Amino acid sequence: MDIERSISALNNPMRRRILEWLKDRSNFPPALPGHEDLEGVCVAYIQEKAKLSQSTISNYMGLLKQAGFVKAERHGQWTFYRRDEENIQAFLTAVKDELLKM
Numbered sequence: 060m061d062i063e064r065s066i067s068a069l070n071n072p073m074r075r076r077i078l079e080w081l082k083d084r085s086n087f088p089p090a091l092p093g094h095e096d097l098e099g100v101c102v103a104y105i106q107e108k109a110k111l112s113q114s115t116i117s118n119y120m121g122l123l124k125q126a127g128f129v130k131a132e133r134h135g136q137w138t139f140y141r142r143d144e145e146n147i148q149a150f151l152t153a154v155k156d157e158l159l160k161m
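Residues 60 to 161 (the working numbering) are what the sequence shown spells out, left to right.
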């Protein structure tokens with residue numbers, strides 16, 4: 060766990076908001092036809108909700124992925140993102156351990 064990279068990824072209100080949105084699939088429109096059985100949210104829906112450019116969202120999602128907060132799955136031309144709850148918990152534990160170290 061690279062705590063510095065993770066903290067850096069969270070050092071942006073929109074990236075934190077995206078993580079919050081991804082916690083509940085109902086924050087986004089219904090899944091694309093043929094993709095209803097997939098976990099995650101299409102990057103186009105994230106971009107639409109954030110009202111940011113495609114390149115900005117791609118950069119943001121890349122940072123969140125590198126930090127281990129999201130997983131990406133490619134299906135055709137679309138990338139679907141979902142939270143990585145296990146890594147999020149590992150990050151929280153690592154920060155807690157570091158801050159409470161005696």
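All C-beta atoms, glycine included, are put in the ideal place defined by N, C-alpha and C.
All values reported here derive from a predicted model rather than from experimental measurement.
Tell me the DSSP secondary structure of residue i in three-state form.
{"i": "A131", "result": "strand"}
{"i": "L139", "result": "In the sequence under discussion, the amino acid at residue 139 is Phe, which differs from the Leu named in the question. DSSP places F139 in strand when its eight states are reduced to three."}
{"i": "E95", "result": "coil"}
{"i": "K28", "result": "An answer regarding residue 28 cannot be provided, because it is not within the stretch 60 to 161 covered by the chain."}
{"i": "M120", "result": "helix"}
{"i": "L151", "result": "helix"}
{"i": "A90", "result": "coil"}
For the alpha helix (DSSP H) containing residue i, list its first residue and its last residue.
{"i": "R75", "result": "72-81"}
{"i": "A126", "result": "Here A126 belongs to no alpha helix (DSSP H), and DSSP marks it neither H nor E."}
{"i": "R64", "result": "62-69"}
How should residue i be labelled, buried or exposed, when 16 other C-beta atoms within 10 angstroms of its C-beta is the threshold for buried?
{"i": "M120", "result": "buried"}
{"i": "G99", "result": "buried"}
{"i": "L158", "result": "exposed"}
{"i": "S112", "result": "exposed"}
{"i": "R142", "result": "buried"}
Spell out the partners DSSP gives residue i in its beta bridges.
{"i": "V100", "result": "Y140"}
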